[in-house]
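2 protein chains.
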Amino acid sequence: MKMIFFSIFFLFIILDLKAEDGHELWLRKKSAVPVKVVSPKKSAILNNAVKELQQGWSGKANSTVKLTIKKDKSIKDDGFRIDGSGVTASTERGILYGVFELLRRQQTNQPVTSVVSNPSYQHRLLNHWDNLNGSVEQGFAGRSIFWRGENDLAVTENDRKLWQEYARASASVGLNGSSVNNVNASPLVLKEDALARVKGIADVLRPYGITTYLSVNFSSPVRLGGLKTSDPLDPEVIKWWQAKTKEIYALIPDFGGFLVKANSEGQPGPQDFGRTHADGANMLADLVKPYGGIVMWRAFVYSPTEKDRARQAYLEFMPFDGKFRDNVIIQVKNGPVDFQPREPFSPLFGAMKKTSVMPEVQITQEYLGRSNHLVFLSTMWEELLKSDTYQEGPGSTVARSTDGSIYNQKHTAIAGVANTGLDSTWSGHHFAQANWYAFGRLAWNNKLTSEQIADEWLRLTFANSAEGKTKAVGEEWERNFLVPAKQMMLESREAAVNYMMPLGLHHIFSPFGHYGPGPWYGPKSARPDWTSLYYHQADTAGIGFDRTKSGTNAVSQYHEPLASQFNDPATCPENYLLWFHHLPWDYKMKSGHTLWDELCLHYDKGVQQVRQFQKNWDQMQGYIDEERFSHVQSKLRRQAKDAQVWKDACLLYFQQFSRRPIPAELERPVYDLDFLQAIRPLTFFDQPQDRAATPQR
Amino acid sequence: MKMIFFSIFFLFIILDLKAEDGHELWLRKKSAVPVKVVSPKKSAILNNAVKELQQGWSGKANSTVKLTIKKDKSIKDDGFRIDGSGVTASTERGILYGVFELLRRQQTNQPVTSVVSNPSYQHRLLNHWDNLNGSVEQGFAGRSIFWRGENDLAVTENDRKLWQEYARASASVGLNGSSVNNVNASPLVLKEDALARVKGIADVLRPYGITTYLSVNFSSPVRLGGLKTSDPLDPEVIKWWQAKTKEIYALIPDFGGFLVKANSEGQPGPQDFGRTHADGANMLADLVKPYGGIVMWRAFVYSPTEKDRARQAYLEFMPFDGKFRDNVIIQVKNGPVDFQPREPFSPLFGAMKKTSVMPEVQITQEYLGRSNHLVFLSTMWEELLKSDTYQEGPGSTVARSTDGSIYNQKHTAIAGVANTGLDSTWSGHHFAQANWYAFGRLAWNNKLTSEQIADEWLRLTFANSAEGKTKAVGEEWERNFLVPAKQMMLESREAAVNYMMPLGLHHIFSPFGHYGPGPWYGPKSARPDWTSLYYHQADTAGIGFDRTKSGTNAVSQYHEPLASQFNDPATCPENYLLWFHHLPWDYKMKSGHTLWDELCLHYDKGVQQVRQFQKNWDQMQGYIDEERFSHVQSKLRRQAKDAQVWKDACLLYFQQFSRRPIPAELERPVYDLDFLQAIRPLTFFDQPQDRAATPQR
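Sequence order for the protein chains is A and B. Per the numbering used here, the first sequence starts with residue 1, numbered consecutively. Per the numbering used here, the second sequence starts with residue 698, numbered consecutively.
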């Protein structure tokens, strides 16, 4: 009897998992409401726009939607106007984006009044750190959707189907470019057979308005072309790149251009030949210019010799402001170090006034709990975009400094390092899909609020699913699911900062996978700027990295009044405090607590926040499908465990220096420090479903 | 600079660990106050009594303490009288116990008024489950203090020193017997060279009044003697045992007798030859009788065929009540199953009216978190001793049914399965020493309260240590250390019941070491009564083992009014509810909660209790030496982790059947069920210091 019960039980689970694996993302509405669409012509992009309307229309039955392509002063680039009669745009892409906006408004219960919407950035790219062997650097959702192996390059029907789903999803949030291989680029991507596969990708992405880009290895002329040098000023080298560029454009006439990581973390670059970043970038830019291509040149550079890694990109790039071709864009990570849970914005934003500069953010959660932690990154990006650089007076936000509002950039762009993989969820965690969604939405409109984005995403992703199997969408659903789920999303990044690196702490993770805590990490054999000790500088006197004028003076890279504000602990925002200051353990915080107590309170709060997420989530059972409910429930458990590991590791480690008790009212650590120093947090709690969260495709 | 700091820091730790490793137990007072002792004669025991007075006296300087041996109607057995002038007793042992009591009163600030104290039980034994190869069954404090290996039997000076410390500690709490090898006995213990070692042990234990006993294997005549049978009625077998008995008594004239586990869990016994427990026990009893020896025959028997293991000892032994020799004592485990966190008392207590019956309790924490969890067992034993059997009317407690108050037993005795080992703490956890202490104190006086025992032990163990290095003992010390530490001890067993097996649940542990949770354990290949499924009987209808009249009728083994009280869920104490009843998940508890909710609340409460222990303990830093403080702090962390594992495992497993949510206000699980089912909880959190808690001797 008991055995029979079990069999039925498990069968139920298996059947249901197939029913809802999250693969449909936020594109779920299958409407049967008839609509008449009038399109100006047939084309791949317009056909997709028509198809979207026909399968997703939930307006008045038998309405007529007119798609109109015409010039309009108020419509810029791929922008659009929607109104009662249809969609107007000056490009086919604009029509497609307008259609997605129209459907989104219908599906999220927003009014479809007359609206003009123009993109904040011309180029809105995903950067895929996908290797040709099929692995994904910092990818936590299975293997690459683009690559299977260097010897398995033929394009299959399955490939095309998946790429098409991918392109549709990206287009639906306004993205228009994909760089399809890792910035740590293999020269082999430029081989004929690999380029044939890239053409295959481009052909599937094009009908959704997605332009294809490639990351290139600066040593390709030597390593692939057999030349003796890759010196960018060498005529043979230029010739080689010229031929390669021509070959690419012959295959992909609308190829977008190159993304380059040069002289960074061991990657080759022009400095290897005594040349400058400008020499390297300009050489490539000149070659793609005739085809309308661009070069995105990354500013993520640092060497072990300089005393403060956070200063280096600025020091290395500022001298070349104005020296780059107009089709070069300097791609700058949001913060001066490397995608930490919280960094102040990179001082390059707004400072390079004569160069196109684009922000790079990370959608994949390299430092934010991988695909195990629910961390909605939109609030982090919103914080970045709204940060005021003061470079051209108050209001010179990072957004306005990069989107053309202030500087007359030839090109405006933004890039997000993608979190896609073959996992059936695409992103490893159902809520990680929201980060892909949010990046697209912010790239389109950098003034959107995270609250609005979360609201949209939750409605699109969960309201239109599993109908008949969960409580009906309505006022109760909104109160008991939408509101608390949104609240959790909006709070989640601050929770992660709290349990990982509060008060401006950064780069104190374990060397095993950038996942768990490792504040103790600092072997003598390691590059100092790859250790945790370098960044937290904890000793019995205090903690924090002194970047003030009496320290490394990194503060001076910021425009006044920021330089002075950051320089003084009394005016420095407390969430950046230990980024800029080394302060005594009994430093008095604004709350009245000592620095040590405040640190403890933050770590503890992070743990409590995740526990509260768990409680809230469990209350939502029944309001969405059971499969995604359970999956997220399990992920939240892992997150709660990990938060405890972080709290215990950091507090017990720093307590060796602070020599102060953890405030008596706080829950005590449950791990011993030496235990935490011995384990690999990444794998310690691993279980099968962490490694393959849902069925792999 | 940082390196130098570290070196000093670690040196400090190492030096300090040596300074306080807990090896001195509760015997710490080194007093310099001079005292004059008048002893009636010189003897090994009396010399030890004099020595204790001289080194531990903290009364008035230059007092005279007179030790007097004389008959006195009010002094029974090894009892004593203490008063202003000294100690009076009728035996040398009595003098020794009186001296220890006198010193204890001085050291714990109790008045030394005229007091007569007689032991509740004549025989107060530790049972050591130590194997000849040096391992200890269910021992969690390192290897055996008695055995190193079957080929390493020579007695060394180190052996003698350790045994002497052991004997002194046992005597100080009134114990007077030690069975020095495992009840799962090797026949080899009766070989000449092993017996020579036993003589060595006995010679060291004797001066502290400790009598030596041995566990014997019932097949020894075949396996050691080379006979064809071990049938207890076979003349050759009797002859063999007779010769062996003579050999032992020649070596150890005051040898105590035999402890026998027969026909139990694969051990041989008289039933193998168609004989009865009485046949077997009486044969051995007749042989030791001339020497004044006794036989302790264990009633821990059960076979896989009977439908309810809890009924079996009673069924098997009751028919032989009155059939045993007067120097046989039936040794009965406290509960009917096996040392679970909570069991009702064994129905054999009080029921065998014509046989000497002795309780066996377990000091080592086989089912109570090993030496990782702080669980003060005194409250459990107090609960047992005060349980009313009603066998001779109200007030027929287990204590009175076994200590001679009710029945005219020839011998009264009590045994505790020891928790000693070579670990420098003796017991693996500093607080596990308190269980050794408490067992001795209750064996001496089964009316003592756990509160008094805890108070004594804490003062003796922590107040007399590390003087000058911690806050001075006094009113503040009592308020901030003694009171909360005592509270923690007194609450600790209930906390363990809460996070392991509340409401009468039992035997739902993991098969890996009786340590972690394993409610799911029930492979088809296993004996049903060795699985968890057999004991919790959870299904969608409810949970619990139906031992009512309509179930296995185990209730009928109890005397009225207990049988009726246990039989009715409305009158059954709720802490035994699921021991006796299978009840629906929505059964209404006295609290008003459903059974499911109540179960959840108990598990959660257990976790919260351990967390509160942690908070309280951390507040005590500075009131005791740093070494033991840190060690216990680390153990409490492990306990908190384990409590979470227990809670999550049991709630998530049972939730599959209850199909009800965990009450919304409770903290959510942080482990997934399939993860917990895959790990071995015993080793999952293991770290070096768990395996060798403190330096091994």
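Glycine included, each C-beta is placed from N, C-alpha and C at the ideal position. All values reported here derive from a predicted model rather than from experimental measurement.
Can you pull the DSSP bridge partners for residue i?
i, result
"R778/B", "T785/B, V813/B"
"M980/B", "Paired residues: none, contrary to the question."
"S875/B", "L823/B, T909/B"
"K733/B", "T761/B"
"L956/B", "S912/B, M993/B"
Do you know how far the Cα of residue j is from the Cα of residue i?
i, j, result
"A171/A", "F481/A", "27 Å"
"E560/A", "T276/A", "29 Å"
"W1293/B", "P1266/B", "15 Å"
"Y1196/B", "L1349/B", "13 Å"
"P950/B", "Y988/B", "8 Å"
"E24/A", "K161/A", "13 Å"
"R790/B", "V1072/B", "31 Å"
"F300/A", "M318/A", "13 Å"
"A167/A", "W1343/B", "47 Å"
"R649/B", "P1038/B", "In the structure displayed, chain B extends from 698 to 1394; residue 649/B sits before or after that span and is not available."
Would you say residue i reaches chain B, if we count a Cβ-Cβ gap shorter than 8 Å as a contact?
i, result
"E626/A", "no"
"S634/A", "yes"
"L15/A", "At L15/A, the pLDDT of 42 sits below 50, so the modelled position is not reliable; the number obtained from the coordinates is stated separately. It does not: the Cβ of L15/A has no partner Cβ on chain B nearer than 8 Å."
"R611/A", "yes"
"Q655/A", "no"
"K228/A", "no"
"R479/A", "no"
"F10/A", "Confidence at F10/A is low in this model, with a pLDDT of 40, below 50, so the placement of that residue should be treated as unreliable; the coordinate-derived value is given next. No, its Cβ sits nowhere closer than 8 Å to a Cβ of chain B."
Determine whether the Cβ of residue i lies closer than 8 Å to any Cβ atom of chain A.
i, result
"P1358/B", "yes"
"Q1184/B", "no"
"A1361/B", "yes"
"K1144/B", "no"
"Q689/B", "What the structure shows of chain B is the stretch from 698 to 1394, and residue 689/B is not part of that stretch, so it cannot be assessed."
"K1004/B", "no"
inquiry  = With three or more C-beta pairs closer than 8 Å as the rule, is the region 846-863 of chain B touching the region 791-811 of chain B?
reply    = Touching, no.
ask   = Are the region 535-554 of chain A and the region 363-372 of chain A touching by the rule of at least three beta carbon pairs closer than 8 Å?
value = Taking 8 Å as the limit for Cβ pairs, the verdict is that the region 363-372 of chain A does not touch the region 535-554 of chain A.
query = Residues in the region 1220-1235 of chain B with C-beta within 7 Å of chain A's C-beta atoms, listed in sequence order?
reply = Residues: none.
inquiry  = Within 8 Å, do at least three Cβ pairs link the region 258-267 of chain A to the region 182-196 of chain A?
reply    = Under the Cβ criterion (8 Å, minimum of three pairs), the region 182-196 of chain A counts as touching the region 258-267 of chain A.
inquiry  = By the 7 Å beta-carbon criterion, what residues does the region 667-689 of chain A contribute toward chain B?
reply    = Flagged, chain order: E667, R668, P669, V670, Y671, D672, D674, F675, A678, Q687.
Contacting positions in the region 736-762 of chain B - beta carbon closer than 7 Å to chain A = Within the region 736-762 of chain B, no residue qualifies.
Near-chain B residues of the region 637-655 of chain A (beta-carbon distance less than 7 Å), N- to C-terminal order = Answer in chain order: R637, A640, K641.
task = Decide if the region 114-128 of chain A is in contact with the region 414-423 of chain A; the criterion is three or more beta carbon pairs, one per stretch, under 8 Å apart.
result = Yes, the region 114-128 of chain A touches the region 414-423 of chain A.
task = Count the C-beta pairs between the region 638-654 of chain A and the region 592-612 of chain A that are closer than 8 Å, then say yes if the count reaches three, no if not.
result = The region 638-654 of chain A and the region 592-612 of chain A touch, with no fewer than 3 CB-CB distances between them shorter than 8 Å.
query = Okay, do the region 327-340 of chain A and the region 474-493 of chain A touch, 3+ Cβ pairs below 8 Å being the bar?
reply = Taking a cut-off of 8 Å for Cβ pairs, the region 327-340 of chain A and the region 474-493 of chain A do not touch, as fewer than three such pairs fall below it.
ask   = For the region 527-536 of chain A against the region 634-643 of chain A, are there 3 or more C-beta pairs whose distance is under 8 Å?
value = Judged by Cβ distances under 8 Å, the region 527-536 of chain A makes no contact with the region 634-643 of chain A, as fewer than three pairs qualify.
inquiry  = With three or more beta-carbon pairs closer than 8 Å as the criterion, would you say the region 1314-1334 of chain B touches the region 666-682 of chain A?
reply    = Three or more pairs of CB atoms, one per stretch, sit closer than 8 Å, so the region 1314-1334 of chain B contacts the region 666-682 of chain A.
query = Given 8 Å as the limit, is there contact between the region 1350-1366 of chain B and the region 1089-1104 of chain B, that is, 3 or more CB pairs closer than that?
reply = The answer is no - the region 1089-1104 of chain B does not touch the region 1350-1366 of chain B, with fewer than three Cβ pairs under 8 Å.
request  = Compile a chain-ordered list of the residues in the region 588-615 of chain A whose CB is closer than 8 Å to at least one CB of chain B.
outcome  = Flagged, chain order: R611, Q614, K615.
request  = Check whether the region 832-845 of chain B touches the region 1056-1064 of chain B, counting contact only when three or more Cβ pairs, one atom from each stretch, lie closer than 8 Å.
outcome  = Touching, per the Cβ criterion.
ask   = If you pair each beta-carbon of the region 218-234 of chain A with each one of the region 276-288 of chain A, do three or more pairs fall below 8 Å?
value = Counting Cβ pairs under 8 Å, three or more are found: they touch.
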